[in-house]
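Novice:
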Amino acid sequence: MLIKSWKNSQLKDNDVTDEQVYHDRRSVLKKLGFTGAMTLLSQSAVAGSFDWFSKDETPAFKTTPLNFTKAKEQLNPLTDESVATSYNNFYEFGTSKSDPLENAQEFNVDPWKLEVGGLVESPLSLDYDDLLSKFSLEERIYRLRCVEAWSMVVPWIGFRLADLIKAAKPLSSAKYVSFQTLYSPEQMPGQRSRFVGGGVDYPYVEGLTIDEAMHDLSIMSVGMYGKTLPPQNGAPVRLVVPWKYGFKSIKSVVKIELTDKEPPTTWNILAPDEYGFYANVNPNVDHPRWSQGRERRILGTGLNAQQRIDTKMFNGYSEVASLYSSLDLRRFY
Ligand code: MTE
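See the structure below:
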């Protein structure tokens, strides 16, 4: 891995993620036999220097302004756009936080096809323009809590997942919704090499229960900070479910299927004892190797731009609690 010269304006991974957590999640790689990757990652961690987006570099990918209804409720302060678009998890483009920005700028988002099918009466096929025009776009300012114990506050733009599902006319037998990311090894280096892509079996897949998918908080995002999504954040369309750990919010989605069985999900396949299907943010159920009681809120790159705060049940979105009234959340983590 290329280690760039350190700049004051740059965050280190160690600054934003508890060092222990950072190493622990990557030790999943080790479990899977990716000792080469571990050695490399550890070396850069020891050096205390990570690749990081330099503000002098202009990303090649062009985003465009969107028309949308502004969020009714402003949640302040927001995470700086430069941080939310440069400190990312998108393993298809590499496992280091700076890899997606660095490796995704040539990603082709138009033409795009998002297919909605399975247990529905009217399957849908949406192209790039449909994604931006078929549904009314609104801004939702949400907290994003990663399972790695860092969080951000992001102004997403998108449409309700429920509106998309209703347009496809779901059958009453549909109990779950599965999601799939684009499979394009020629564009995604992590899909070409298990070493670069963290040992994940691609395509990345995720899932929700039908009730979770129909909840008003669940959106398909096509933009952030007033513009279309940049590729490192999941262009042209991604899921955002703010009461769940960030890994549920699958990026660059090409396929949505309604099913009657719980669908397989990527991190659960990789480490079932550590990452469950539900993955609700829950400070009372720790990850087997670290506490989920607190988080590091990343707002920017300045000295006071990170806060250590208590993690809230369902990431503070208590309105979803009724979805789980009959579920033991220790068992169904
Ligand atoms: N989707 C895909 N396809 N591949 C990924 O590696 N990472 C997940 C999620 N969606 C991921 C993904 C994780 S772990 C997190 S925390 C969020 O994306 C991060 O979203 P962000 O980079 O926009 O903050």
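Reading the sequence shown from the start, the letters are residues 120 to 452 in our numbering.
Ideal Cβ positions, reconstructed from N, Cα and C, are used throughout, including at glycine.
Predicted model only: the values in this text are computed from it and were never measured.
Tell me whether GLU200 sits in a helix, a strand or coil according to DSSP, three-state version.
Specialist: Translated into positions along the sequence shown, residue 200 becomes position 81. Residue state, collapsed to three classes: helix.
Novice: Using only the heavy atoms of the ligand MTE, determine whether one of them is closer than 7 Å to the beta carbon of LYS370.
Specialist: By one-based count along the sequence shown, residue 370 stands at place 251. Yes, the beta carbon of LYS370 sits closer than 7 Å to at least one heavy atom of the ligand MTE.
Novice: If you draw a straight line from the alpha carbon of LEU422 to that of GLN411, how long is it in whole angstroms?
Specialist: Taking the sequence shown and counting its residues from 1, one reaches residue 422 at position 303. Taking the sequence shown and counting its residues from 1, one reaches residue 411 at position 292. Roughly 24 Å between the two C-alpha positions.
Novice: Can you pull the DSSP bridge partners for PHE298?
Specialist: Numbered from its first residue, the sequence shown carries residue 298 at position 179. GLU325, ILE375.
Novice: When the Cβ atoms of the region 318-328 are set against those of the region 344-356, are three or more pairs found closer than 8 Å?
Specialist: Counting Cβ pairs under 8 Å, fewer than three are found: no touch.
Novice: Counting only the same chain and skipping the five closest in sequence on each side, list residues whose C-beta sits under 7 Å from that of LEU194.
Specialist: Position 75 of the sequence shown holds residue 194. Within the same chain, LEU194 has close Cβ partners ILE260, VAL272.
Novice: Give the DSSP-derived three-state secondary structure of TYR436 in the structure shown.
Specialist: As a position in the sequence shown, residue 436 is number 317, starting the count at 1. Coil, per DSSP.
Novice: Indicate the three-state DSSP secondary structure (helix, strand or coil) for ASP246 in the structure shown.
Specialist: Position 127 of the sequence shown, counted from the start, is the residue given in the question as residue 246. The answer is strand: DSSP assigns ASP246 an E or B state.
Novice: Let me know if VAL165 comes out buried or exposed under the rule of 16 or more other beta-carbons within 10 Å of its beta-carbon.
Specialist: Residue 165 sits at position 46 when you count from the first residue of the sequence shown. In this prediction, VAL165 has a pLDDT of 28, which is less than 50 and means its spatial position is unreliable; nothing more can be read from the coordinates.
Novice: By the 10 Å Cβ neighbour count, where 16 or more other Cβ atoms means buried, how is LYS191 classified, buried or exposed?
Specialist: For the purposes of this step, residue 191 is identified with residue 72 of the sequence shown, where counting begins at 1. Classification of LYS191: exposed, given that the 10 Å Cβ count is below 16.
Novice: Whole angstroms is fine: what's the gap from ARG311's alpha carbon to SER445's?
Specialist: The residue given as residue 311 occupies position 192 in the sequence shown. The residue given as residue 445 occupies position 326 in the sequence shown. In a straight line, the C-alpha of ARG311 is about 42 Å away from that of SER445.
Novice: Under a Cβ-count criterion, where at least 16 other Cβ atoms within 10 Å of its own Cβ denotes burial, should ASN403 be classed as buried or exposed?
Specialist: Here residue 403 is taken as the residue at index 284 of the sequence shown, counted from 1. Exposed.
Novice: So, for ALA223: in the same chain, excluding its five sequence neighbours on each side, which residues have a beta-carbon less than 6 Å away from its beta-carbon?
Specialist: The sequence position of residue 223 within the sequence shown is 104, counting from 1. So the list reads PHE212, PRO350, GLN351, once near-sequence residues are dropped.
Novice: Between ASN208 and GLN306, which are expected to be in contact by the criterion C-beta below 8 Å, what is the C-beta distance as a whole number of angstroms?
Specialist: For the purposes of this step, residue 208 is identified with residue 89 of the sequence shown, where counting begins at 1. For the purposes of this step, residue 306 is identified with residue 187 of the sequence shown, where counting begins at 1. About 18 Å separates the two Cβ atoms, so there is no contact after all.
Novice: Buried or exposed: which applies to PHE366, given that a residue is buried once 16 or more other Cβ atoms fall within 10 Å of its Cβ?
Specialist: Counted from its first residue, the sequence shown places residue 366 at position 247. By the neighbour-count rule (16 or more Cβ atoms within 10 Å), PHE366 is buried.
Novice: From GLY237, GLU414, VAL439, PHE451, pick the residue whose C-alpha is nearest to that of ASP429; which is it?
Specialist: Counting from one through the sequence shown, the residue named residue 429 turns up at place 310. Answer by Cα proximity: GLU414.
Novice: Tell me whether LEU263 counts as near the ligand MTE, meaning its Cβ is closer than 7 Å to at least one heavy atom of that ligand.
Specialist: The residue given as residue 263 occupies position 144 in the sequence shown. Correct: LEU263 has its Cβ closer than 7 Å to the ligand MTE.
Novice: Among all the DSSP beta bridges, which residues are the ones paired with ARG311?
Specialist: By 1-based counting over the sequence shown, the position of residue 311 is 192. None; ARG311 has no bridge partner.
Novice: Please name the residue in ASP282, TRP275, LEU418, ASP320 whose C-alpha comes closest to that of GLN299.
Specialist: As a first step, residue 299 must be located in the sequence shown, where it is residue number 180. Among ASP282, TRP275, LEU418, ASP320, the Cα nearest to that of GLN299 belongs to ASP320.
Novice: With a threshold of 7 Å, establish whether the CB of GLU211 neighbours any heavy atom of the ligand MTE.
Specialist: The sequence position of residue 211 within the sequence shown is 92, counting from 1. Yes, Cβ of GLU211 sits closer than 7 Å to a heavy atom of the ligand MTE.
Novice: So, helix, strand or coil for TRP386, using DSSP?
Specialist: The residue given as residue 386 occupies position 267 in the sequence shown. TRP386 falls in the helix class under three-state DSSP.
Novice: Name the residue from GLU376, ASP447, ASN186, TYR247 whose alpha carbon lies nearest to the alpha carbon of SER292.
Specialist: Translated into the one-based positions of the sequence shown, residue 292 becomes position 173. Nearest option by C-alpha distance: GLU376.
Novice: With which residues is ARG264 paired in a DSSP beta bridge?
Specialist: Within the sequence shown, numbered from 1, the residue matching residue 264 stands at position 145. SER270, per the DSSP bridge assignment.
Novice: For GLY236, which residues of its own chain have a beta-carbon under 7 Å away from its beta-carbon, when the five flanking residues on both sides are left out?
Specialist: Within the sequence shown, the letter at position 117 stands for residue 236. Only PRO242, GLU376 meet the Cβ criterion.
Novice: Distance check for VAL360 and LEU151, CA to CA, integer angstroms please.
Specialist: Against the sequence shown, residue 151 aligns to sequence position 32. Against the sequence shown, residue 360 aligns to sequence position 241. Per-residue confidence for LEU151 stands at a pLDDT of 47, beneath the threshold of 50, marking its modelled position as unreliable; no derived number is given.
Novice: If I measure Cβ to Cβ from LEU197 and keep anything under 8 Å in the same chain, skipping five residues before and after, which residues do I get?
Specialist: For the purposes of this step, residue 197 is identified with residue 78 of the sequence shown, where counting begins at 1. Hits under 8 Å: ILE260, VAL272, VAL273, PRO274, LEU418.
Novice: For LEU448 versus HIS334, is the C-beta distance shorter than 8 Å?
Specialist: The residue labelled residue 448 in the question sits at position 329 within the sequence shown. The residue labelled residue 334 in the question sits at position 215 within the sequence shown. No, Cβ-Cβ distance for LEU448 and HIS334 is not below 8 Å.
Novice: Return the CA-CA distance between ALA424 and GLY435, expressed in angstroms with no decimal places.
Specialist: Within the sequence shown, numbered from 1, the residue matching residue 424 stands at position 305. Within the sequence shown, numbered from 1, the residue matching residue 435 stands at position 316. So the two alpha carbons sit approximately 21 Å from each other.
Novice: Of the choices SER371, TYR452, SER255, LYS380, whose alpha-carbon is the least far from that of TYR323?
Specialist: For the purposes of this step, residue 323 is identified with residue 204 of the sequence shown, where counting begins at 1. It is SER371 whose Cα lies nearest to the Cα of TYR323.
Novice: Tell me the DSSP secondary structure of GLN351 in three-state form.
Specialist: Stepping through the sequence shown from its first residue, residue 351 is reached at position 232. In this structure, GLN351 counts as helix in the three-state DSSP scheme.
Novice: Which residue marks the beginning of the beta strand (DSSP E) containing GLU221, and which one marks its end?
Specialist: Locating residue 221 in the sequence shown gives position 102, where the first residue counts as 1. Taken as a continuous stretch (DSSP letters only), GLU221 belongs to no beta strand (DSSP E), being part of the alpha helix (DSSP H) at 218-222.
Novice: Is it buried or exposed, THR188, if we count other Cβ atoms within 10 angstroms and call 16 or more buried?
Specialist: Sequence index remark: in the sequence shown, residue 188 carries index 69 (1-based). Label assigned to THR188: exposed.
Novice: Measure the alpha-carbon distance for ALA398 versus MET432 and round it to whole angstroms.
Specialist: Residue numbering aside, residue 398 sits at position 279 when the sequence shown is read from its first letter. Residue numbering aside, residue 432 sits at position 313 when the sequence shown is read from its first letter. Going by the C-alpha atoms only, they are around 12 Å apart.
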